[in-house]
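Worksheet: one structure, shown below.
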Amino acid sequence: FGASVVALEPQPRVFRALRLLHGRTERVTLIAAAAGREAGEMELHINTRNPTVSTLAPSFIAAASQAEGWKEQVWDGRVAVPVTTLDHLIAEHGMPDFIKLDIEGHEAEALAGLSQPVPLLSFEFTTIQRAEAHACIDRICGLGHYAFNLSLGEENALKHTDWISADALRTELNALPQS
């Protein structure tokens with residue numbers, strides 16, 4: 180397709196796997212860091228049995244501990260990881276065509292490190308942290324005029340044929356069942 184990819188992965192073991200798989204791919208830049216509000220370092224809470232739900236957000240862990248379907252998750256490891264900002268990545272690598280954030284309850288903090296509109300943006304949310312999704316919408320609206328859509332679960336398909344307003348998305352998020 181000719182696209183270039185800049186991918187962040189803060190988990191050392193997962194980063195090593197990505198480097199083995201894509202480290203020699205010409206148009207892929209792998210960065211062992213997380214995205215955040217400001218550059219520095221943060222503590223990553225690692226779920227060693229399910230690394231895809233490792234998180235920088237203690238609030239995510241707290242919400243999960245009270246939610247059906249999440250109670251068996253255990254964040255049993257911690258590691259300090261470097262943090263960069265989306266603005267810094269844009270300055271270093273250029274304006275992206277698309278940003279995808281899938282960072283387990285830390286999406287709004289990553290968006291706080293973005294001060295300019297981008298063409299397309301996707302962020303993950305869970306119903307156990309609806310306020311985090313609303314904070315993402317607020318931040319995105321603060322950057323410029325955007326229209327929204329929704330993809331539920333792992334469908335990888337947009338729910339609406341026409342893009343919707345931020346208010347319509349908020350209403351829809353609030354109406355989703357907890358599960």
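Those letters in the sequence shown? Residues 180 to 358, by my numbering.
C-beta: ideal position from N, C-alpha, C; glycine also.
- Is the beta carbon of ASN353 within less than 7 Å of some heavy atom of the ligand ZN? With respect to small molecules bound, the structure shown includes none, and the ligand ZN cannot be examined in it.
- Mind listing, in chain order, the continuous beta strand (DSSP E) runs of no fewer than 3 residues lying wholly within the region 228 to 272? 256 to 263
- Beta-carbon proximity list for ALA345, same chain, < 8 Å, skipping 5 on both sides: Within the same chain, Cβ atoms closer than 8 Å to the Cβ of ALA345 are found at ILE316, ILE319, CYS320, TYR325 and PHE327, the five residues on either side in sequence being excluded.
- Item | Cut-off 7 Å between Cβ atoms - residues of its own chain near LEU268, not counting five sequence neighbours on either side | VAL185
- Query: Using DSSP with H/G/I as helix, E/B as strand and the rest coil, what is ALA291?
  - Reply: coil
- Item | Same chain, Cβ closer than 7 Å to GLU217, five either side skipped, listed in chain order | THR264 and GLY292
- Return the CA-CA distance between ARG257 and ALA212, expressed in angstroms with no decimal places. Near 14 Å, if we compare the C-alpha coordinates of ALA212 and ARG257.
- Beta carbon of ASP266 nearer than 8 Å to that of SER294: yes
- Identify whether ILE282 lies in helix, strand or coil by the three-state DSSP scheme. coil
- Output the distance between the C-alpha atoms of ALA236 and LEU300, rounded to the nearest integer angstrom. 21 Å
- Measuring CA to CA, which of GLU283, LEU331, GLN308 and THR340 is closest to ALA246? Nearest of GLU283, LEU331, GLN308 and THR340 to ALA246, Cα basis: GLN308.
- Secondary structure of GLY321, DSSP reduced to three states: helix
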